[in-house]
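Residue numbers (my numbering), protein chains in the order written: chain X, 195 to 388; chain E, 195 to 388.
What follows is a set of notes on a single structure, which appears directly below.
Protein chains: 2
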Amino acid sequence: MNISPLLNDFSRQYWPLEEKAVGALKERVIGKRVKKREYILQKGVMCNHFTFVVEGCFKMYKIDDKGKEHNLQFAIENSWIVDYGSFYSEKPSQLFIEALEHSEILQIARNDLFYLYDHFSVFDRNLRIIIEDAFIEQQQRVLQNISSTAEERYLDFLKRYPDLFNRISNVQIASYLGVTPEFLSAIRKKIALK
Amino acid sequence: MNISPLLNDFSRQYWPLEEKAVGALKERVIGKRVKKREYILQKGVMCNHFTFVVEGCFKMYKIDDKGKEHNLQFAIENSWIVDYGSFYSEKPSQLFIEALEHSEILQIARNDLFYLYDHFSVFDRNLRIIIEDAFIEQQQRVLQNISSTAEERYLDFLKRYPDLFNRISNVQIASYLGVTPEFLSAIRKKIALK
DNA sequence: TATTTTTCTTAAGATATCTTATGGGTAGAA
DNA sequence: TTCTACCCATAAGATATCTTAAGAAAAATA
Chain X
195 MNISPLLNDF
205 SRQYWPLEEK
215 AVGALKERVI
225 GKRVKKREYI
235 LQKGVMCNHF
245 TFVVEGCFKM
255 YKIDDKGKEH
265 NLQFAIENSW
275 IVDYGSFYSE
285 KPSQLFIEAL
295 EHSEILQIAR
305 NDLFYLYDHF
315 SVFDRNLRII
325 IEDAFIEQQQ
335 RVLQNISSTA
345 EERYLDFLKR
355 YPDLFNRISN
365 VQIASYLGVT
375 PEFLSAIRKK
385 IALK
Chain E
195 MNISPLLNDF
205 SRQYWPLEEK
215 AVGALKERVI
225 GKRVKKREYI
235 LQKGVMCNHF
245 TFVVEGCFKM
255 YKIDDKGKEH
265 NLQFAIENSW
275 IVDYGSFYSE
285 KPSQLFIEAL
295 EHSEILQIAR
305 NDLFYLYDHF
315 SVFDRNLRII
325 IEDAFIEQQQ
335 RVLQNISSTA
345 EERYLDFLKR
355 YPDLFNRISN
365 VQIASYLGVT
375 PEFLSAIRKK
385 IALK
């Protein structure tokens, strides 16, 4: 299995792995191709894998009682996506993870990750840092949700994820921001007129 | 330094420390008393410590350009509070952490924490799990912010933090939920009428 | 105890955002 | 190519939430 995108990410952003750790990881990583609109996680199913996106794009979302989707996270090249709650509690997920494009991923199953944690502390280290970064980013999102208007949140989204907004529809962005597509459209008009 | 509340928390919720790790931790933890309304972090200052609350209650918040406070987090007994962004980036914080009650805390400074990470991998492990839990909780909050009404968010807050809502003012809860105190008052009236 | 500050409530008018409906444009499927 | 589905925009009326102002109750401070 060619896991170099993942190793590169580790050495660029986090702590590089010694040879033995690389070997142990290699044996446990599964590569997959996922077509647009396919799911790698569905509600009611336990989330059994950490997923690293090599190529492509995913959304993780919830469907509420009225049938509306609410996007929690997007993941593109060189990012991780997993329902941490379901993965660690080993309970069925409330969330869906769906490919927005044809994608290539690398996955690690729960038991394999636990093996790696127990035998190479660099995985505790790196995954600690990975989730710390995700936490900080998510904290900014909470802060904006409780303190900013939808227009401010949209402008910040464009600034923060310049690669994403050409790539996904405004419907998806609206769902991420917590507004209706109609209202996002009104916001975009208002911005364009300035 | 008596750090047993912290050690108890580790062994109840996470992985217990071997003796050497306990010793190394003990030498590096600083205990403090903090009076109500005192700050343990202010905007413009780097966040240099992880803080474990032994007794009391804190809020972490931002003040926006209009001078309004927005509560990001509360911390009571046996919980951690830190501005991760400032702590790890070593940049000035945008946030305040202020005591809502007379409190007792245990603190670990950045270099000391790094020492512990490097010499005892159990700290990488435990702090990974601590922030994973915090991430999952915060993710639920994001989901609610983008998908629920203020009334639903308030009812969920009461259910999720039954110990907190007798202890802090509705002004603080409103700021956490992202609504004005006046509107929270209207929500409470509506609920009471049911 | 007396005084000051903070909290909670109420209400009226303003603004942000949603709902529903409609139509045109564009990309994918047959 | 034709058909279908989805996307984006627009608009009118409804609902959620904010702003401002005021007063009474409760808590903190002198």
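Positions of the beta carbon are idealized from the N, C-alpha and C atoms, including for glycine.
{"query": "Coil, strand or helix - Arg335/E by DSSP", "result": "helix"}
{"query": "Own chain partners of Arg319/X with C-beta closer than 7 Å, once the 5 adjacent residues on each side are dropped", "result": "Trp209"}
{"query": "Bridge-paired residues (DSSP) for Cys251/X", "result": "Ile270/X"}
{"query": "Residue environment, Asn265/X, which counts as buried when at least 16 other CB atoms sit within 10 Å", "result": "buried"}
{"query": "Partner residues on chain E for His392/X, Cβ-Cβ distance less than 8 Å", "result": "Limits of chain X in this structure are 195 at one end and 388 at the other, which puts residue 392/X out of reach."}
{"query": "Burial state of Lys262/E, where buried means 16 or more other Cβ atoms lie within 10 Å", "result": "exposed"}
{"query": "Interface positions of the segment 248-260 of chain E facing chain X (Cβ-Cβ less than 7 Å), listed along the chain", "result": "Lys256, Asp258"}
{"query": "Cβ pair count under 8 Å reaching 3, the segment 308-327 of chain E against the segment 204-219 of chain E", "result": "yes"}
{"query": "Rounded distance between the beta-carbons of Leu378/X and Tyr348/X, thought under 8 Å", "result": "7 Å"}
{"query": "Ser287/X to Ile324/X span [Cα, whole Å]", "result": "21 Å"}
{"query": "Chain E within 8 Å of Asp306/X, Cβ atoms only", "result": "no"}
{"query": "Beta carbon proximity, Glu298/E to chain X, threshold 8 Å", "result": "no"}
{"query": "Bounding residues of the beta strand (DSSP E) (the contiguous stretch that carries Leu235/X)", "result": "233-235"}
{"query": "Neighbouring residues, chain X, relative to Leu235/E (Cβ below 7 Å)", "result": "None at all; the shortest Cβ gap to chain X is about 14 Å."}
{"query": "Phe351/E and Ile340/E closer than 8 Å at C-beta", "result": "no"}
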